[in-house]
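Chains as they are written, first to last, in my numbering: chain A, 43 to 253; chain B, 43 to 253. We put the beta carbon where it would ideally sit given N, CA and C, even for glycine. For clarity, every value in this text was computed on a predicted model and none was experimentally measured. Following: one structure in structure tokens, then a few remarks.
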């Protein structure tokens with residue numbers, strides 16, 4: 043499963059663990075602005091008892107094109123609209139899921155978990171249910187397991203949940219959200235900015251969840 | 043476009059160039075057994091006049107599971123059968139195409155070329171027409187461009203060609219196949235072994251093409 047260190051993927055890990063899966067957890071050092079989210083991923087993987095946590099290096103700064111991987115400012119106190127914001131990293135989830143697919147195939151795993159959600163989110167194209175369905179179709183054709191008849195299932199348990207529902211679910215499963223970091227632009231010490239899209243969605247979620 | 047340094051991707055590059063595309067070419071240092079194929083990729087990109095050549099580092103040895111990325115011997119003088127050989131690298135083309143998709147989106151490119159072929163090949167699942175069609179569907183949903191209505195097209199011009207047809211096409215377009223390297227297990231100096239699947243398919247192709 044893919045783990046970013048944010049609250050969505052932490053809750054997804056807790057769901058997979060409570061469903062009885064042994065979780066092999068994958069994070070990426072992809073050229074993001076800050077390493078604080080990888081510290082959060084390490085804390086979360088350890089606290090929830092992942093079987094193994096791998097952090098892969100892939101340098102998406104070679105391509106640039108996003109506020110998260112290039113010298114483009116992270117927008118603050120933005121009013122959400124229907125456009126795709128500059129924090130979108132081109133094809134990021136496709137790259138992350140491709141690596142998950144590779145590792146799953148080597149491990150003989152038949153399940154991949156990803157914490158995307160399509161309600162309280164930043165409007166990225168690769169967080170939508172139809173995107174996940176297309177990756178499922180690709181996975182069925184891309185692998186040796188698929189050719190030999192077994193099916194690798196992509197799970198996106200949060201995809202139709204609101205942020206408040208995710209927070210309530212995580213709380214119920216014992217996730218310590220104090221270990222997670224959602225901010226796109228934290229201080230070097232890992233303090234969230236409070237003003238980017240991710241901070242705003244997070245604050246609204248806790249308020250609505252009454253947590 | 044994706045370039046490995048072998049004869050298929052060299053011919054694909056020549057086709058794209060002759061069709062008038064400015065080619066931004068992507069290769070990977072993915073933990074393969076030898077760097078000789080990257081030397082070949084550099085020679086080919088230069089000789090055919092690519093606009094830009096990027097070599098990305100991604101360490102697939104972290105997962106292992108293939109004779110090309112792990113301590114598993116490359117089979118020699120194998121009689122082809124219907125099984126998927128140990129030289130298959132789990133999800134490799136999915137990972138490569140995902141990075142191509144990311145770069146294409148940043149460049150504003152609307153075309154991705156990949157030199158897979160499904161006739162004289164090693165039986166890998168991610169070289170089949172139905173796999174490429176599934177990636178096309180994914181690309182339409184995965185990107186900002188897709189959401190905004192423009193369509194990124196995946197081109198696999200060799201997919202239904204025999205190795206002999208590829209060699210004849212490349213020859214016609216002026217590809218210097220002496221610059222390419224197909225071998226899965228060359229000497230440190232880049233001399234092909236002559237006995238792996240790739241060497242055998244290549245030799246058979248040249249014999250049939252009368253080149």
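| Item | Value |
| --- | --- |
| Run through chain A and tell me which residues come within less than 7 Å of residue 140(B), C-beta to C-beta. | 133, 136, 137, 140 |
| Taking one C-beta from the segment 144–163 of chain B and one from the segment 60–70 of chain B each time, how about it: are there three or more such pairs within less than 8 Å? | yes |
| Can you name the residues that DSSP bridges to residue 263(B)? | A question about residue 263(B) goes unanswered here, because the residues of chain B that appear run from 43 up to 253. |
| My output table needs one value for residue 170(B): the three-state DSSP class, helix, strand or coil. | coil |
| Under a Cβ-count criterion, where at least 16 other Cβ atoms within 10 Å of its own Cβ denotes burial, should residue 46(B) be classed as buried or exposed? | buried |
| In terms of DSSP beta bridges, what is residue 153(A) paired with? | 195(A) |
| Three or more C-beta pairs under 8 Å: does that hold for the segment 221–238 of chain A against the segment 111–126 of chain A? | yes |
| For residue 15(B) versus residue 194(B), is the C-beta distance shorter than 8 Å? | The displayed coordinates of chain B run from 43 to 253. Any statement about residue 15(B) would go beyond what the structure contains. |
| Please classify residue 80(A): does DSSP put it in a helix, a strand, or coil? | helix |
| Output needed for residue 136(B): all residues of its chain with C-beta closer than 7 Å, excluding positions within five of it in sequence on either side, in chain order. | 168 |
| Please confirm if the segment 219–234 of chain B is in contact with the segment 188–205 of chain B, defined as three or more CB-CB distances below 8 Å between the two stretches. | no |
| Using the C-alpha atoms, what's the distance from residue 160(A) back to residue 244(B)? | 48 Å |
| Measure the Cβ-Cβ separation of residue 210(A) and residue 251(A) and say whether it is below 8 Å. | yes |
| What residues of chain A sit near residue 106(B), judged by a beta carbon separation below 9 Å? | 148 |
| Which one or two residues does DSSP pair with residue 44(B) in a beta bridge? | 68(B) |
| Have a look at residue 212(A) and residue 200(A) and give me their C-alpha separation to the nearest angstrom. | 11 Å |
| Buried or exposed: residue 101(B), going by 16 or more other Cβ atoms within 10 Å of its Cβ? | exposed |
| Can you find a CB in chain D that lies within less than 8 Å of the CB of residue 188(A)? | In summary, chain D is missing from the structure at hand, where the protein chains are A and B. |
| Could you tell me whether the segment 70–79 of chain A touches the segment 80–96 of chain B, using the rule of 3 or more Cβ pairs below 8 Å? | no |
| Does chain A have any CB closer than 8 Å to the CB of residue 96(B)? | yes |
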